[in-house]
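In what follows, a structure is listed as structure tokens, so that the remarks can point back to it.
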Amino acid sequence: MRQLVDALLDPVILAELTGRTVVADRIRIKAKNSVVLALRDAETGQPDGWARVLWPITQDKASKVVERAQRRGQRIQTRPLHAGLMMQWGELASDPQLAAVYRVALKEGLIEAGDQVLRYNPLRRLVVRHGDTTVRLSTQANPVALPLDWALIEDGVPLPGRLDSGAHPQIAVQRFVGDTDLEDTRDLAATRTVGAALATLHRAEVPNALRGWLSSREPDPREQGAAHVELLSLLDDDLAARMASLADQTARRWDQVRTDTRLVVHGDASPDQMLLDSATGRVWVTDLERACLADPAVDLGSYLANCSDDEGAALLAGYTAAGGALPASRLLDAARSRAILLAAADPIRRAEPEWREHVSQRLDALEGTLR
Numbered sequence: 001m002r003q004l005v006d007a008l009l010d011p012v013i014l015a016e017l018t019g020r021t022v023v024a025d026r027i028r029i030k031a032k033n034s035v036v037l038a039l040r041d042a043e044t045g046q047p048d049g050w051a052r053v054l055w056p057i058t059q060d061k062a063s064k065v066v067e068r069a070q071r072r073g074q075r076i077q078t079r080p081l082h083a084g085l086m087m088q089w090g091e092l093a094s095d096p097q098l099a100a101v102y103r104v105a106l107k108e109g110l111i112e113a114g115d116q117v118l119r120y121n122p123l124r125r126l127v128v129r130h131g132d133t134t135v136r137l138s139t140q141a142n143p144v145a146l147p148l149d150w151a152l153i154e155d156g157v158p159l160p161g162r163l164d165s166g167a168h169p170q171i172a173v174q175r176f177v178g179d180t181d182l183e184d185t186r187d188l189a190a191t192r193t194v195g196a197a198l199a200t201l202h203r204a205e206v207p208n209a210l211r212g213w214l215s216s217r218e219p220d221p222r223e224q225g226a227a228h229v230e231l232l233s234l235l236d237d238d239l240a241a242r243m244a245s246l247a248d249q250t251a252r253r254w255d256q257v258r259t260d261t262r263l264v265v266h267g268d269a270s271p272d273q274m275l276l277d278s279a280t281g282r283v284w285v286t287d288l289e290r291a292c293l294a295d296p297a298v299d300l301g302s303y304l305a306n307c308s309d310d311e312g313a314a315l316l317a318g319y320t321a322a323g324g325a326l327p328a329s330r331l332l333d334a335a336r337s338r339a340i341l342l343a344a345a346d347p348i349r350r351a352e353p354e355w356r357e358h359v360s361q362r363l364d365a366l367e368g369t370l371r
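Using full-length UniProt numbering, the final residue of the sequence shown is 371, and nothing's skipped along the way.
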């Protein structure tokens with residue numbers, strides 16, 4: 001697996017395998033099953049399809065995928081690799097899991113073939129801009145996304161706002177808002193506004209049916225740490241061992257300080273999840289895919305783990321000014337450690353060629369918060 005992943009993340013080798021000038025943009029690894037890639041054009045930087053390497057146990061459906069694509073006038077290419085492995089690749093519209101919902105969105109006029117791709121997670125999710133809307137296509141329907149959106153907007157949370165009726169559960173349409181996010185445009189005033197928005201979110205009251213669904217979605221740091229270790233054990237034994245030790249320390253620290261408070265939280269609060277209109281300073285909270293019921297320190301710690309000290313101070317100032325109650329410093333520190341752990345393997349998933357160095361840097365940061 002190590003040699004295969006290193007090869008797929010090498011632009012020269014990947015170009016030789018696919019016959020295209022592409023680089024890996026995301027990677028998802030399933031031991032003795034598959035490795036899935038999002039492809040990006042090496043020259044333009046734009047999303048440019050998908051690829052996957054299949055183990056023999058998963059190759060029985062590969063020919064059917066090719067046949068379906070051919071009936072739609074699409075081409076999926078296949079080539080054998082060493083040790084009985086098989087590689088497939090194709091354009092975005094031929095994604096084996098998203099092709100059906102993609103055709104529905106085209107038929108309904110919700111998207112067009114030339115729309116700008118904002119995000120692509122192969123075999124799972126595609127987000128495009130279509131005119132003044134953002135359209136999200138997913139392989140899995142989220143049964144509460146629409147009513148949660150309605151409930152939070154009613155309580156004053158600044159969300160872009162859904163425009164669809166929910167008639168197609170795998171398709172979500174919302175307004176296209178802002179011209180940047182707070183990761184690309186660092187802005188202290190806007191960060192203060194984000195703090196106020198999180199305070200509003202944490203005060204939100206949602207129907208009991210939604211609370212029941214959200215209550216089961218809080219990630220367990222111990223389980224996530226174990227998943228990181230399992231992934232790293234396929235790729236780098238030393239990093240796997242270090243991850244195991246720090247994940248255990250982080251989970252134990254979180255268990256010691258966490259409270260029984262359960263409020264609606266974003267679940268992945270960070271500057272890149274906050275959209276900004278740079279002309280007006282207006283801010284929107286977006287991407288509630290990981291929303292759950294949890295201690296509000298989860299959101300504050302998550303944001304603090306991804307911003308500068310000045311931005312963190314602005315965030316907390318906005319939070320308290322809007323009526324939010326700051327967690328105890330020990331709890332806030334543990335929430336920050338928790339957030340760093342949950343994202344510790346992201347450099348691998350983002351297909352960063354220097355992922356070993358970047359994961360090690362994240363573990364350095366995690367270790368620093370645990371001292």
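C-beta atoms are modelled at their ideal positions from N, C-alpha and C, and glycine is treated no differently. In this text the structure is predicted, and so the values were computed from the model without any measurement.
- DSSP places P296 in the coil class of the three-state scheme, outside both helix and strand.
- Distance from L232 to A240 at the Cβ level is roughly 4 Å; contact confirmed, criterion being Cβ atoms closer than 8 Å.
- Per DSSP, reduced to three states, the secondary structure at R175 is strand.
- For W284, the closest alpha carbon among the candidates S94, L4, A99 and L182 is that of L182.
- Taken in chain order, the complete beta strand (DSSP E) segments of 3 or more residues contained in the segment 137 to 183 are 171 to 175.
- Beta-bridge partners of K30 (DSSP): S34.
- Rounded to whole angstroms, the gap between the alpha carbons of P158 and H168 is 24 Å.
- For N121, the enclosing beta strand (DSSP E) starts and ends at Q116 to N121.
- Rounded to whole angstroms, the separation of the alpha carbons of V117 and R26 is 14 Å.
- In this structure, G178 sits away from D299, with a CB-CB distance that is not shorter than 8 Å.
- Within the same chain, V36 come within 6 Å of R28 by CB-CB distance, once the 5 residues on both sides are set aside.
- For A51, the enclosing beta strand (DSSP E) begins and ends at P47 to L54.
- Our two residues, L14 and V265, have alpha carbons roughly 40 Å apart in a direct line.
- Here P80 carries a strand assignment [DSSP, helix/strand/coil].
- Contact between G324 and H202 holds: CB atoms are separated by about 6 Å, below the 8 Å threshold.
- Bounds of the alpha helix (DSSP H) holding M243 are D237 to V257.
- Here R362 is buried. Its C-beta has 16 or more other C-beta atoms within 10 Å.
- For Q273, no alpha helix (DSSP H) run applies, since DSSP gives it neither H nor E.
- For T259, the closest of R252, A297 and N33 by C-alpha to C-alpha distance is A297.
- By the CB criterion at 8 Å, A151 and A204 fall inside the cutoff.
- If you check the CB distance, G161 and Q174 come in under 8 Å.
- Counting C-beta pairs closer than 8 Å gives three or more between the segment 43 to 62 and the segment 77 to 96, which meets the contact rule.
- Under the three-state reduction of DSSP, H266 is assigned to coil, being neither helix nor strand.
- By the 16-neighbour rule on beta-carbons within 10 angstroms, A279 is exposed.
- Here the alpha carbon of A145 sits roughly 11 Å from the alpha carbon of C292.
- A direct Cα-to-Cα measurement between Q256 and L332 gives close to 12 Å.
- For Q88, the enclosing beta strand (DSSP E) stretches over residues M86 to G90.
- Taken through DSSP and simplified to helix, strand or coil, A335 comes out as helix.
- R262 is positioned such that its CB atom lies closer than 8 Å to that of S215.
- The three-state reading of DSSP puts L201 in helix, counting H, G and I together.
- The alpha-carbon separation between A189 and G281 amounts to approximately 8 Å.
- A contact is defined here as three or more CB-CB pairs under 8 Å, and the segment 306 to 324 fails this definition with respect to the segment 207 to 214.
- Between the C-alpha atoms of P347 and G90 there is a straight-line separation of about 24 Å.
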